[in-house]
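Below: one structure, written as structure tokens.
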Amino acid sequence: MSSEPERPSLYVAEPASPPADPVRQLVDAASSHLPPRLGAWVETAISQWPGRVLTASVTSFARIELFDRAMTIAAQFFTSIFPILLMAATWWGPDSTDLAAATGMPAETQDVLDQAINGSQSTSFGIVGVLIVLVSATSLSRALTRAFAAIWSLPRPTSSLTSAWRWFAVLVALALAVTLTLTVVRRVGEQPPRGLWAMVLSFVISLVLGVFVPWVLLAGAVSARMLLPGATLVATVMAFARPAIATWVPHALEVSAGRYGSIGVAFTYLACLYAMSFCWLTGAVLGQVVATDEGWFGRWVRGEDTGRSEGVPG
3 MSSEPERPSL YVAEPASPPA DPVRQLVDAA SSHLPPRLGA WVETAISQWP
53 GRVLTASVTS FARIELFDRA MTIAAQFFTS IFPILLMAAT WWGPDSTDLA
103 AATGMPAETQ DVLDQAINGS QSTSFGIVGV LIVLVSATSL SRALTRAFAA
153 IWSLPRPTSS LTSAWRWFAV LVALALAVTL TLTVVRRVGE QPPRGLWAMV
203 LSFVISLVLG VFVPWVLLAG AVSARMLLPG ATLVATVMAF ARPAIATWVP
253 HALEVSAGRY GSIGVAFTYL ACLYAMSFCW LTGAVLGQVV ATDEGWFGRW
303 VRGEDTGRSE GVPG
């Protein structure tokens, strides 16, 4: 009698142990050539929680090809979410001022946006156009699925109609998060104490997104509790980076538009998206390493009995 194959346990995925960690093997080989006292200190350092997290993280960065995946996701985000926002702008009306102000577009690019929106309205952005935009945008969801599957050492996911709703759910969540970040966060940032509420709201949005997106795309193969460390890291970084991004992006867009026109604006947006994608994937990798570590903190994250009470993770 056939039975459905068991889903691989994620609690032991990619454990930070010497046989499975090439970086740890290199460190072990190098430490063997050091003086005994220094070699013993190195062995002790990398066997502790910070050392295990560091070596396992470097191994995971190389395994998932972090730089390439970040660029892929940034490009997919640019070609997926921006058309959705443009489509939504055609429903708001012919005035693109709100959208341009929210995204920091310079005046030259806003003129191009006005022409695109007016042209879209004149050709009636109907049901067929909406479907084409949404179906094309699912490439972002599929790229994210492959990235998270690689991070958590899961089998390469297969595309099917039964999983299509997950792709659309992620697109809606991402578009909603972008809209909230560009509109609501900007408005609450003016409330006293200045900047605090914007940081809190940005943290909450990034935290929810960091848990929801991989949980949905991986069909619950990784529990929300396991995803929480990575989401917390990403949300913290994005909350503190948001003021710098809000200051730098408009200036960079203005300079790029003046020198290179619309193509310069596109590359500036792409560079910003690459930085955010890199941050997101880095946080996801670090969260996976922390959640699967065999120390007491990793067991606590997984909800297992730690069996010990220490002052530091280890």
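Numbering (this note's numbering), first residue to last: 3 to 316. Virtual Cβ for every residue (Gly too), placed ideally from N, Cα, C.
| field | Straight-line Cα distance separating SER162 from LEU203 | value | Translated into the one-based positions of the sequence shown, residue 203 becomes position 201. Translated into the one-based positions of the sequence shown, residue 162 becomes position 160. Taking the straight line from one Cα to the other gives about 35 Å.
| field | Endpoints, the alpha helix (DSSP H) within which LEU219 is located | value | Walking along the sequence shown from the start, residue 219 turns up at place 217. Its alpha helix (DSSP H) spans residues 198–219.
| said: For TRP298, report the span of its alpha helix (DSSP H) as first-last. | reply: Locating residue 298 in the sequence shown gives position 296, where the first residue counts as 1. Where TRP298 is concerned, the enclosing alpha helix (DSSP H) stretches over 298–304.
| request: Over the uninterrupted alpha helix (DSSP H) stretch that includes PRO231, give me the two end residues. | output: Within the sequence shown, residue 231 is the residue found at index 229, counting from 1. Boundaries of the alpha helix (DSSP H) around PRO231: 226–262.
| query | What does a CB cutoff of less than 8 Å around THR238 pick up in its chain, not counting 5 residues either side in sequence? | reply | Position 236 of the sequence shown holds residue 238. The residues are PHE205.
| query | By how many angstroms is the C-alpha of VAL190 removed from the C-alpha of ARG301? | reply | Indexing the sequence shown from 1 puts residue 301 at position 299. Indexing the sequence shown from 1 puts residue 190 at position 188. When rounded, the distance between both Cα atoms is 38 Å.
| task | Would you kindly work out how many angstroms separate the C-alpha atoms of SER49 and GLY266, rounded to a whole number? | result | In the sequence shown, residue 49 corresponds to position 47, counting from 1. In the sequence shown, residue 266 corresponds to position 264, counting from 1. About 47 Å.
| Does the distance from the CB of VAL137 to the CB of MET89 come in under 7 Å? | As a position in the sequence shown, residue 137 is number 135, starting the count at 1. As a position in the sequence shown, residue 89 is number 87, starting the count at 1. For VAL137 and MET89, no; Cβs fall outside 7 Å.
| request: With DSSP as the reference, label LEU182 as helix, strand or coil. | output: By one-based count along the sequence shown, residue 182 stands at place 180. Residue state, collapsed to three classes: helix.
| request: Note the first and the last residue of the continuous alpha helix (DSSP H) segment covering SER59. | output: Taking the first residue of the sequence shown as 1, we reach residue 59 at position 57. 51–66 is the span of the alpha helix (DSSP H), which, as asked, contains SER59.
| request: Note down the Cα distance separating LEU209 from ALA179, rounded to an integer number of angstroms. | output: To locate residue 209, count along the sequence shown from 1; it is residue 207. To locate residue 179, count along the sequence shown from 1; it is residue 177. So the alpha carbons of these two residues sit roughly 11 Å apart.
| In three-state terms, what does DSSP make of GLN78? | Counting from one through the sequence shown, the residue named residue 78 turns up at place 76. Correct three-state label for GLN78: helix.
| query | Around the Cβ of THR1, are there at least 16 other Cβ atoms within 10 angstroms (buried) or fewer (exposed)? | reply | The question about residue 1 has no answer here: the residues shown for the chain are numbered 3 through 316.
| LEU173 to ALA166, Cα distance in whole Å? | Within the sequence shown, residue 173 is the residue found at index 171, counting from 1. Within the sequence shown, residue 166 is the residue found at index 164, counting from 1. Looking at the two C-alpha atoms, the distance is approximately 11 Å.
| Spatial distance of MET73 from PRO38 (CA atoms) | Start at 1 with the first residue of the sequence shown, and residue 73 comes out as number 71. Start at 1 with the first residue of the sequence shown, and residue 38 comes out as number 36. One C-alpha to the other measures close to 43 Å.
| Do LEU229 and PRO245 have their C-beta atoms closer together than 7 Å? | Taking the sequence shown and counting its residues from 1, the one referred to as residue 229 is at position 227. Taking the sequence shown and counting its residues from 1, the one referred to as residue 245 is at position 243. Cβ atoms of LEU229 and PRO245: not closer than 7 Å.
| query | Going straight from the alpha carbon of LEU87 to that of ALA139, what length do you get? | reply | To locate residue 87, count along the sequence shown from 1; it is residue 85. To locate residue 139, count along the sequence shown from 1; it is residue 137. Their Cα atoms are separated by approximately 12 Å.
| request: Have a look at ALA175, ILE153, GLU256 and flag the residue whose alpha-carbon is nearest the alpha-carbon of ALA223. | output: If you number the sequence shown from 1, residue 223 lands on position 221. The residue with the shortest Cα to Cα distance from ALA223 is ILE153.
| request: Reducing DSSP to helix, strand and coil, say where ARG158 ends up. | output: Taking the first residue of the sequence shown as 1, we reach residue 158 at position 156. If DSSP states are grouped into helix, strand and coil, ARG158 belongs with coil.
| request: Measure the CB-CB distance between GLY289 and PRO195 and report whether it falls below 7 Å. | output: For this step, residue 289 is matched to residue 287 along the sequence shown. For this step, residue 195 is matched to residue 193 along the sequence shown. The answer is no: Cβ separation not under 7 Å.
| task | My understanding is that VAL213 touches ALA226, with C-beta atoms under 8 Å, so please give their C-beta distance in whole angstroms. | result | One-based indexing of the sequence shown puts residue 213 at position 211. One-based indexing of the sequence shown puts residue 226 at position 224. Between VAL213 and ALA226 the beta-carbon gap is near 5 Å, inside 8 Å, which marks them as a contact.
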